[in-house]
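Numbering (numbering that gives the first Met the number 0), first residue to last: 0 to 986.
Virtual Cβ for every residue (Gly too), placed ideally from N, Cα, C.
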Amino acid sequence: MTSSAYRPATVGRGELLARLESVLHTRGRALLTGPAGVGKTEVALAVAARAESRGERVLWLATLPADRNIPGAAAAALVASVSASLSWPAPGAHEGLEAHAGAGGGGAPGGFDILEGLPGPQRSAVAMLCREAPIPELGWDPIALRLALAQILRTLAARGPVLLVVDGVQRIDADSADLLRFALHLAPSALRAVAVETPAAYGPDTPRTASHGPDTPRAGEPKPDPTDAEPLWVPSEADVLFVPPLHADEIAELLIHHRLPSRMAGRIHRASGGNPRLALAVGRSLADARTPVHHAEALSLSGRARDLARQLLDAASPGVRGTLLLAALALRPTASLIRRAGRRNAEADLAAAERANLISLKEDGTVVFTAGVLPSTLVHDACWTERSDGHAALARVVDDSVEAVRHRALATDVPDELLAAEVAAAAETARRRGNSALAAELALLAAESTPMQHSAQRITRLVDAAEEAARAARADLAMRAATDLLARDAAPADRVRARLAVLDTAGQGLSDLDEIYVHAMEDSEGETALRAAVQLRLAVKYVLADGDPARSRAAAVESAALAGSVGDRKTAARALTVQARMDRVLGSPDAERVLAEARALEVFERPLGIRNAAQILTIRHALFDDRLTEARDQLNALLPLVERRGPVEDAIELFRTLAEVEARQGQCAAALSHAGRSLALTLEAGLSPGPAWYALALAETAGGSFARAASYARRSAQASEEEGDHVFLSRSLYALGRVQLVAGDVANALETLRRVQSGERAQSTVDPSMLRWHEELAEALLANDAPEEAAALLADVRPVAERLGRATVLLGCDRAYALYLAASGNVEEATRLLTETAERFAVAGLPLDRGRTLIALARVERRRRRRSAAQNALHAAAAVFERAGASPWLALATETPSRTAEPAPAGGGAPSSLTDAELRLALLVRQGASNQEAAAKLYLSVKTVEARLTRIYQKLEVRSRAQLATALNAWQGHPPTVRTTDSPAAG
Numbered sequence: 000m001t002s003s004a005y006r007p008a009t010v011g012r013g014e015l016l017a018r019l020e021s022v023l024h025t026r027g028r029a030l031l032t033g034p035a036g037v038g039k040t041e042v043a044l045a046v047a048a049r050a051e052s053r054g055e056r057v058l059w060l061a062t063l064p065a066d067r068n069i070p071g072a073a074a075a076a077l078v079a080s081v082s083a084s085l086s087w088p089a090p091g092a093h094e095g096l097e098a099h100a101g102a103g104g105g106g107a108p109g110g111f112d113i114l115e116g117l118p119g120p121q122r123s124a125v126a127m128l129c130r131e132a133p134i135p136e137l138g139w140d141p142i143a144l145r146l147a148l149a150q151i152l153r154t155l156a157a158r159g160p161v162l163l164v165v166d167g168v169q170r171i172d173a174d175s176a177d178l179l180r181f182a183l184h185l186a187p188s189a190l191r192a193v194a195v196e197t198p199a200a201y202g203p204d205t206p207r208t209a210s211h212g213p214d215t216p217r218a219g220e221p222k223p224d225p226t227d228a229e230p231l232w233v234p235s236e237a238d239v240l241f242v243p244p245l246h247a248d249e250i251a252e253l254l255i256h257h258r259l260p261s262r263m264a265g266r267i268h269r270a271s272g273g274n275p276r277l278a279l280a281v282g283r284s285l286a287d288a289r290t291p292v293h294h295a296e297a298l299s300l301s302g303r304a305r306d307l308a309r310q311l312l313d314a315a316s317p318g319v320r321g322t323l324l325l326a327a328l329a330l331r332p333t334a335s336l337i338r339r340a341g342r343r344n345a346e347a348d349l350a351a352a353e354r355a356n357l358i359s360l361k362e363d364g365t366v367v368f369t370a371g372v373l374p375s376t377l378v379h380d381a382c383w384t385e386r387s388d389g390h391a392a393l394a395r396v397v398d399d400s401v402e403a404v405r406h407r408a409l410a411t412d413v414p415d416e417l418l419a420a421e422v423a424a425a426a427e428t429a430r431r432r433g434n435s436a437l438a439a440e441l442a443l444l445a446a447e448s449t450p451m452q453h454s455a456q457r458i459t460r461l462v463d464a465a466e467e468a469a470r471a472a473r474a475d476l477a478m479r480a481a482t483d484l485l486a487r488d489a490a491p492a493d494r495v496r497a498r499l500a501v502l503d504t505a506g507q508g509l510s511d512l513d514e515i516y517v518h519a520m521e522d523s524e525g526e527t528a529l530r531a532a533v534q535l536r537l538a539v540k541y542v543l544a545d546g547d548p549a550r551s552r553a554a555a556v557e558s559a560a561l562a563g564s565v566g567d568r569k570t571a572a573r574a575l576t577v578q579a580r581m582d583r584v585l586g587s588p589d590a591e592r593v594l595a596e597a598r599a600l601e602v603f604e605r606p607l608g609i610r611n612a613a614q615i616l617t618i619r620h621a622l623f624d625d626r627l628t629e630a631r632d633q634l635n636a637l638l639p640l641v642e643r644r645g646p647v648e649d650a651i652e653l654f655r656t657l658a659e660v661e662a663r664q665g666q667c668a669a670a671l672s673h674a675g676r677s678l679a680l681t682l683e684a685g686l687s688p689g690p691a692w693y694a695l696a697l698a699e700t701a702g703g704s705f706a707r708a709a710s711y712a713r714r715s716a717q718a719s720e721e722e723g724d725h726v727f728l729s730r731s732l733y734a735l736g737r738v739q740l741v742a743g744d745v746a747n748a749l750e751t752l753r754r755v756q757s758g759e760r761a762q763s764t765v766d767p768s769m770l771r772w773h774e775e776l777a778e779a780l781l782a783n784d785a786p787e788e789a790a791a792l793l794a795d796v797r798p799v800a801e802r803l804g805r806a807t808v809l810l811g812c813d814r815a816y817a818l819y820l821a822a823s824g825n826v827e828e829a830t831r832l833l834t835e836t837a838e839r840f841a842v843a844g845l846p847l848d849r850g851r852t853l854i855a856l857a858r859v860e861r862r863r864r865r866r867s868a869a870q871n872a873l874h875a876a877a878a879v880f881e882r883a884g885a886s887p888w889l890a891l892a893t894e895t896p897s898r899t900a901e902p903a904p905a906g907g908g909a910p911s912s913l914t915d916a917e918l919r920l921a922l923l924v925r926q927g928a929s930n931q932e933a934a935a936k937l938y939l940s941v942k943t944v945e946a947r948l949t950r951i952y953q954k955l956e957v958r959s960r961a962q963l964a965t966a967l968n969a970w971q972g973h974p975p976t977v978r979t980t981d982s983p984a985a986g
């Protein structure tokens with residue numbers, strides 16, 4: 000195995016890798032443990048890559064399933080690895096060598112045979128171990144072999160630091176474990192060791208042999224006893240590090256890393272339990288599906304995903320699997336319930352399952368499966384009789400009437416109207432209790448239990464089930480109910496209601512549902528109330544999936560009129576809300592009036608906290624207008640009510656909006672917290688994470704890390720593209736372009752922000768307050784030496800902002816225009832405007848914008864050779880950022896003097912006439928960079944560099960690179976090496 004085989008584990012393992020490196024540095028021994036597929040080997044590969052990058056020799060001993068039954072197999076493979084390693088004549092560039100190579104010491108010329116230094120008995124014992132000499136009847140000399148292996152490792156460590164990785168320690172044979180344990184005990188500190196172990200289950204039964212996994216013994220071999228693994232050291236000699244499952248957000252990053260769809264990251268995380276191998280198998284199942292899997296559909300699991308789940312379940316004995324099947328069938332499985340249902344060894348079985356990382360047992364005995372695919376696979380693989388018997392047993396012992404009815408219904412496959420009526424009543428009880436998910440499941444079960452001769456009743460129950468699933472955000476159940484109903488002779492009105500339920504659970508993913516809209520329009524012909532409801536959903540689709548706010552507004556207007564004509568206040572309120580949102584986008588002065596009408600209808604129709612579209616839009620308008628205190632107060636009043644009795648989608652949007660408000664206000668820690676809460680709820684609900692990632696990008700830009708902000712923005716853009724969501728695609732690209740700009744990646748920032756410009760213009764967006772890309776694009780244009788285009792952009796947006804009264808949009812334009820003035824040589828006017836703008840940002844309650852403006856002021860003051868004024872502006876900016884907890888901005892302000900200090904110009908001060916972009920290029924050329932090298936460092940084309948260099952020559956009145964260097968060297972002081980990633984905000 001060459002060095003290229005050591006791949007860093009980059010997703011979600013940074014903290015674990017740091018702990019592992021620390022343990023190896025202090026103790027020299029570490030054991031990585033965790034369930035199969037959790038990524039233990041990836042962590043070991045990452046630490047091996049780091050060791051190799053430091054020039055250490057890496058030995059990788061990868062055990063095989065058959066090794067457990069071959070005496071000395073692992074030890075022989077290690078000797079072969081060491082011999083081959085020392086035979087390779089490349090000192091200082093060690094190669095990691097896979098064990099199971101040949102044991103001979105021959106190699107390239109100049110190699111060193113490590114066996115030559117061993118005494119005769121030891122060499123003979125090693126030869127027998129490696130099967131290079133016959134083994135006598137009494138076997139090899141165990142003492143000589145122990146001493147030989149210890150001497151081999153000492154000799155190896157004497158040549159430099161060594162990292163030994165033993166992957167699959169549970170498969171090492173007993174003889175090899177004894178030899179390695181002795182050798183490692185005597186090894187010097189220069190030899191460090193990492194063992195990777197997958198713990199085996201234990202229980203009252205002998206674990207059954209895996210029928211699907213890689214550890215299956217060949218025919219005729221004895222079955223290994225996984226509970227009898229040999230340790231390589233006594234416990235006091237090593238630290239045990241558990242490799243945990245990945246969080247939902249990390250699973251999303253993993254999917255993106257492997258170029259798999261991330262829009263269903265939440266559902267994939269639930270299915271996999273954070274197990275990377277399972278998650279990738281499920282992700283590939285979705286990617287390989289013939290048609291895109293929608294949020295409203297069940298996850299399609301390929302044979303690979305199912306087989307991986309079976310491999311994990313095969314760690315349990317048949318008896319334990321029987322116990323786990325009961326747990327999978329129960330709504331609230333506990334050890335006590337399972338024991339009462341007939342599994343007398345329930346506690347022992349569950350302990351064995353927990354040891355195998357199949358479940359976790361809470362203190363109250365509650366059973367929780369570690370991955371959603373495990374109970375579904377148990378149920379999937381069980382025959383009907385096993386499932387029926389399990390439900391019947393549970394029905395007899397559960398202590399809740401609703402659960403008892405559920406199990407009775409699932410225990411039979413014979414439709415029964417009396418039973419169906421009981422299940423329907425149980426669904427109503429669950430609804431009153433606030434358990435909407437159970438209510439949706441029971442409503443569908445009631446419909447499916449209804450006999451064929453009661454077809455009208457079945458259709459009514461299917462409609463109820465679909466609508467109940469929509470209220471519970473259970474897209475899978477809504478789709479099941481709708482599919483069943485649409486296959487029957489249902490009335491057009493019932494078909495429309497079922498289709499609307501599917502649309503209401505679709506989240507961002509509306510682009511693949513055109514057929515549902517078409518049929519809903521056909522079936523709603525002549526039904527005014529239903530046509531109003533369909534037009535409302537079309538209004539949402541037109542803006543999200545089609546990016547057409549004008550068409551969306553027209554559909555919303557029609558929906559409101561139709562709903563009003565039949566007294567449907569609920570639909571009218573929602574339609575007026577969409578109309579008000581589109582009016583705002585299109586710059587209509589009627590937006591606030593229409594929104595007020597919507598709010599009045601919404602409050603009349605239902606109590607605050609339930610379906611709050613108009614109230615939430617009112618808050619977002621306050622956010623757009625930078626009435627941030629008002630917005631935050633309304634959010635804090637509404638959020639507890641929504642959490643208690645509102646839909647999860649509203650809670651997600653409120654947390655996201657609160658994060659945006661706090662990021663604007665400079666409440667950075669709170670913004671990060673609420674953005675994280677929005678993401679957690681999104682992933683838990685199985686919705687697309689694009690909007691929540693956008694909020695996290697804004698929060699990270701404000702108070703976290705520019706690098707993480709860019710990562711979240713890219714994820715949001717990818718998810719939004721996957722969903723066909725034009726609105727959040729523009730937003731996420733804006734967030735990405737903004738962070739690229741402030742972090743100094745000005746070329747990519749310009750490209751990204753131009754995409755935003757194109758998208759917003761394609762959507763006919765007029766109001767510049769909803770997405771403030773104009774000021775960012777203007778600054779990016781200035782940083783890329785396009786001042787006239789920047790000025791034209793600002794001239795276009797200013798009259799619109801003035802007409803609509805968007806005062807803080809004008810402040811952002813003023814900051815960008817001041818930078819344009821500075822680039823044009825009017826530095827005094829630029830200084831005055833920046834000073835005024837900073838103060839007005841402070842009055843508006845926008846501290847981060849104020850600090851950013853002060854950084855820009857410091858840059859201009861330096862160009863005027865006013866060092867004291869520049870330092871004062873930077874200190875003021877740093878104080879603002881420190882109070883806000885804006886860590887990345889604080890770093891930007893405090894690094895600015897050393898990164899971008901500009902000495903005063905000599906004599907005529909010609910270099911001060913250069914723009915920042917020109918100055919960066921001039922300094923690179925002075926350092927000897929060619930046009931191609933400068934283009935690569937500045938992310939520009941060679942033609943752009945050539946044109947910019949021509950302007951520099953003209954401004955400085957020079958005719959060659961040598962004259963340019965002379966002119967810059969004559970500049971008083973000596974500018975430091977320019978950092979091509981300097982932020983325009985920082986100078």
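Just so you know, the alpha carbons of Arg305 and Pro275 end up roughly 14 Å apart. Distance from Gln614 to Leu637 at the Cβ level is roughly 6 Å; contact confirmed, criterion being Cβ atoms closer than 8 Å. Ranked by how close their Cα comes to the Cα of Val242, the residues Pro374, Leu30 and Arg56 have Leu30 in first place. Just so you know, the alpha carbons of Ala538 and Leu245 end up roughly 38 Å apart. Remark: C-beta atoms of Ala650 and Glu661 do not approach each other more closely than 8 Å. Taking C-alpha positions only, Leu444 is separated from Pro374 by approximately 19 Å. Within the same chain, Leu963, Ala964 and Leu967 come within 7 Å of Arg925 by CB-CB distance, once the 5 residues on both sides are set aside.
Counted as a single uninterrupted DSSP element, the alpha helix (DSSP H) harbouring Val401 occupies residues Ser400 to Leu409. If you look at Asp632, you'll find it in the alpha helix (DSSP H) that goes Leu627 to Arg644. For Asp248, the uninterrupted alpha helix (DSSP H) run begins and ends at Ala247 to His256, by DSSP.
By the criterion of a C-beta distance shorter than 6 Å, Trp692 is surrounded in its chain by Tyr711, Arg714 and Ser715, once the five residues flanking it on both sides are discounted.
A Cβ-Cβ distance of about 5 Å is found for the pair Phe705 and Pro887, placing them in contact under the 8 Å criterion. Rounded to the nearest whole angstrom, the C-alpha separation of Pro317 and Leu323 is 10 Å. Non-local beta-carbon contacts of Ile69 in its own chain, meaning distances under 8 Å to residues more than five positions away in sequence, involve Asp172 in chain order. Taking a 10 Å sphere around the C-beta of Gln717, we find 16 or more other C-beta atoms and assign the residue as buried. The stretch 446-461 makes contact with the stretch 414-429; the number of CB pairs closer than 8 Å reaches 3 or more.
Secondary structure note for Leu512: it is in no beta strand (DSSP E), with a DSSP letter that is neither H nor E.
Partner residues in a beta bridge of Thr62, as assigned by DSSP, do not exist. The secondary-structure analysis by DSSP pairs Ala192 across a beta bridge with Arg28 and Leu163. Bounds of the alpha helix (DSSP H) holding Val533 are Thr527 to Leu543.
Going by beta carbons, Thr807 and Ala829 fall outside the 8 Å limit.
Of Glu467, Val319, Asp363 and Asp513, the smallest CA-CA separation from Arg343 is found for Val319.
Contact between Leu254 and Gly272 fails: their C-beta atoms lie close to 15 Å from each other, not under 8 Å.
Per DSSP, Phe880 has no beta bridge partner at all.
Within the same chain, and ignoring the five residues on either side of Leu561 in sequence, the residues whose Cβ sits closer than 7 Å to its Cβ are Thr527, Arg530, Ala531 and Gln534.
A distance below 7 Å between beta-carbons, with the five flanking residues on each side excluded, links Leu728 to the following residues of its chain, in chain order: Ala716, Ser719, Glu720 and Gly758.
By the Cβ-count criterion, His184 is exposed, with fewer than 16 other Cβ atoms from all chains shown falling within 10 Å of its own Cβ. Within the DSSP bridge table, the entry for Val57 names Leu162 as partners.
Nearest Cα to Asn356 within the set Leu190, Thr428 and Ala315: Ala315.
Put simply, of Ala612, Leu889, Arg470 and Arg866 the residue whose alpha carbon is nearest the alpha carbon of Ala877 is Leu889. Inter-residue distance for Thr893 and Thr852 is about 15 Å (C-alpha atoms, whole angstroms).
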